[in-house]
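Note that numbering that gives the first Met the number 0 has the sequence shown beginning at 0, numbered continuously upward.
In this text, a Cβ means the ideal position worked out from N, Cα and C, and glycines have one as well.
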Amino acid sequence: MHFLAGGNLAWLSLLAVPILIHLINRRRAVTHRFAAVEFLFRNKVTTARRFRLKSLLLLLLRLLMLASLVLGGALPLFYSGADRQFMGNRGGEPLAVLFDNSASMAYHPDSLSAFSAGEAFLERYLEQEQPDRLILIPLIGEIKAVERDPASGLLGEWRKEIHLTFAHGDMLTRLRELKRLLLQDNRITRAVIVSDFTKSAFSGVPDSFFQGMNIRFILCQANPSEGARNVGLTGLMQSRRSDNRYDLRFDAEVLNGAGRSLDRYPLSLFLGEKNPLNFFLSGQSGERIIKSFTLDPEGRPLPAFFRLPQDSLRCDDRFYFVYAPPAPLRCLLVDGDPGAHYTRAESYFLERVLTDPSMGPQEVRIITPLQLDDQALSDRKLLFLCNLVPSVSQMKTIEKFVRSGNGLFISLGDHISIEDFNTRLSSFFGRSLRDRKRGFGHEQADPAILSVGGLDHPATRLLNRITDPQDYLFTDLFLLEPSPNNQSKTLLSLSSGEPLLLSAKIGKGQAFLYLSTM
Numbered sequence: 000m001h002f003l004a005g006g007n008l009a010w011l012s013l014l015a016v017p018i019l020i021h022l023i024n025r026r027r028a029v030t031h032r033f034a035a036v037e038f039l040f041r042n043k044v045t046t047a048r049r050f051r052l053k054s055l056l057l058l059l060l061r062l063l064m065l066a067s068l069v070l071g072g073a074l075p076l077f078y079s080g081a082d083r084q085f086m087g088n089r090g091g092e093p094l095a096v097l098f099d100n101s102a103s104m105a106y107h108p109d110s111l112s113a114f115s116a117g118e119a120f121l122e123r124y125l126e127q128e129q130p131d132r133l134i135l136i137p138l139i140g141e142i143k144a145v146e147r148d149p150a151s152g153l154l155g156e157w158r159k160e161i162h163l164t165f166a167h168g169d170m171l172t173r174l175r176e177l178k179r180l181l182l183q184d185n186r187i188t189r190a191v192i193v194s195d196f197t198k199s200a201f202s203g204v205p206d207s208f209f210q211g212m213n214i215r216f217i218l219c220q221a222n223p224s225e226g227a228r229n230v231g232l233t234g235l236m237q238s239r240r241s242d243n244r245y246d247l248r249f250d251a252e253v254l255n256g257a258g259r260s261l262d263r264y265p266l267s268l269f270l271g272e273k274n275p276l277n278f279f280l281s282g283q284s285g286e287r288i289i290k291s292f293t294l295d296p297e298g299r300p301l302p303a304f305f306r307l308p309q310d311s312l313r314c315d316d317r318f319y320f321v322y323a324p325p326a327p328l329r330c331l332l333v334d335g336d337p338g339a340h341y342t343r344a345e346s347y348f349l350e351r352v353l354t355d356p357s358m359g360p361q362e363v364r365i366i367t368p369l370q371l372d373d374q375a376l377s378d379r380k381l382l383f384l385c386n387l388v389p390s391v392s393q394m395k396t397i398e399k400f401v402r403s404g405n406g407l408f409i410s411l412g413d414h415i416s417i418e419d420f421n422t423r424l425s426s427f428f429g430r431s432l433r434d435r436k437r438g439f440g441h442e443q444a445d446p447a448i449l450s451v452g453g454l455d456h457p458a459t460r461l462l463n464r465i466t467d468p469q470d471y472l473f474t475d476l477f478l479l480e481p482s483p484n485n486q487s488k489t490l491l492s493l494s495s496g497e498p499l500l501l502s503a504k505i506g507k508g509q510a511f512l513y514l515s516t517m
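Given below as structure tokens:
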């Protein structure tokens, strides 16, 4: 179940009032003092069960009455089996269209009525987008599903399904039906609303109609009257910046349906009770305007919304969302070689990288191998094993940690025994160690160069920017036995062809193996 005005559910907190009344008015035993003989005359056998049952039923009745009022005010959306007939089973992308065929669409200041103008727009739009399935929702009439003919490739006669009427339709009811269909079928990524957008038709539509919907709304203004034109917010996208900074990028989408060019049209952003950003928009008539901006991922989650000046369609003058900065990534580093000085520790450089501000909020904790247990991993999401092979009991804890959906990164070093690794860790990746290339005295000691270019995995994509890979030499490297299995994937290699970084899927989590030292 979804709710059209979900914010009203906050009033459910009032359910605490009947409970408090019930607790305050509980039946209490009253002490009466009288002679023992008089007790024999006044004695009457009663039980408290009847009183408790009566009080409990009264409490439940009060709670149900109050909850029904709140849920009714939140405008619930119920799904039924009849809705499935409009969804279909095909893999193509459907298109939902809400077409206003009320009496106001018969208005024609010139030779063309608003209804005919809406039909012409929809015909052009369907020719351009070529949807496989059309879910047509007339304001007055039955919902119809129009299929594309697989032989001719043409969409059915959708014009026969809508007719101009001279009645007043309930726009709020139709919008609720449209929202129910959109929330039920995630294949629908666009919805077209064709209307003259008169204030009377949309007077009951709440401002939060588009809240929580990742749908692009195309609003076609079918009325040529300049006073009824509309500019509306139709979408919002949140993502990370592409330059590997941790700032959050937002793209607000505004559709100019005003019938004229926009110049310095105001757009405001509100976070909580503050108004930190204001913009000005410019664009041609019918243009989809994208306004991009970035925010630092700091603070706590806040209710937020964009606001445009009010016009004939108030429900798209605001776009509600929740500003939710990413939670800090809680990392646990197990240092297998603390070193004589902290700068010689195995985790020294790794800690510096993870605590860099450009990497975003991180919570890094460093422990020794003896401290690794269930309690140390209880609140962590990523585990780094630096130059150590855990004990058998610790391996059970680590495997449970990774399979539950967390991350594991293993780096090797001089405290790693090939036998211990192959016994305890090789099963994670389906690969065994065969040798260690160390120093210039080794027979395979020719320094290998980092091989970069064409890396597409998120863990290695940043290395595509390296312009001087010859400066990255590796003489301390563990070599793997050849293996035909596909349990692990090589993400990074050296010029000698030896793997440097492996990844493997373990349950719901991910594990990485770095075949050199930190």
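Looking at S101, E141 and E118, the one whose alpha-carbon comes closest to that of H167 is S101. Of all alpha-carbon atoms in Q486, R379, D372 and E160, the one lying nearest the alpha-carbon of E141 is that of E160. Here V363 has C330, L332, E350, L353 and T354 as same chain residues with Cβ atoms under 7 Å from its own Cβ, once five neighbours each way along the sequence are excluded.
In the three-state reduction of the DSSP assignment, D316 falls in the coil class. In the DSSP annotation of this structure, the continuous segment of the alpha helix (DSSP H) that includes K399 starts and ends at V391 to R402. Distance between F249 and N277, taken at the CA atoms: about 14 Å. In terms of Cβ geometry, L268 and F305 form a close pair [threshold 8 Å]. For S494, no beta strand (DSSP E) run applies, since DSSP gives it neither H nor E. If you compare the alpha carbons of A303, L449, K399 and E345 with that of F320, the shortest gap goes to A303. By the Cβ neighbour-count rule, E480 is exposed, with fewer than 16 other Cβ atoms within 10 Å of its own. I23 counts as exposed, since fewer than 16 other C-beta atoms from the protein chains shown sit within 10 angstroms of its C-beta.
Around the beta carbon of V391, fewer than 16 other beta carbons sit within 10 angstroms, so the residue counts as exposed.
The three-state reading of DSSP puts N421 in helix, counting H, G and I together. Using a Cβ distance threshold of 8 Å, L499 and F428 do not count as a contacting pair. DSSP places G117 inside the alpha helix (DSSP H), whose first and last residues are A113 to E128. L432 counts as buried, since no fewer than 16 other beta carbons sit within 10 angstroms of its beta carbon.
Taking C-beta atoms as the reference points, L94 and L133 count as a pair closer than 8 Å.
Within the DSSP secondary-structure output, T293 pairs in a beta bridge with R248. M170 is the residue among K178, F279 and M170 whose C-alpha sits nearest the C-alpha of D99. When only Cα atoms are considered, L19 and L138 end up about 46 Å apart. Residue state for Q374 is assigned as helix, using DSSP reduced to three classes.
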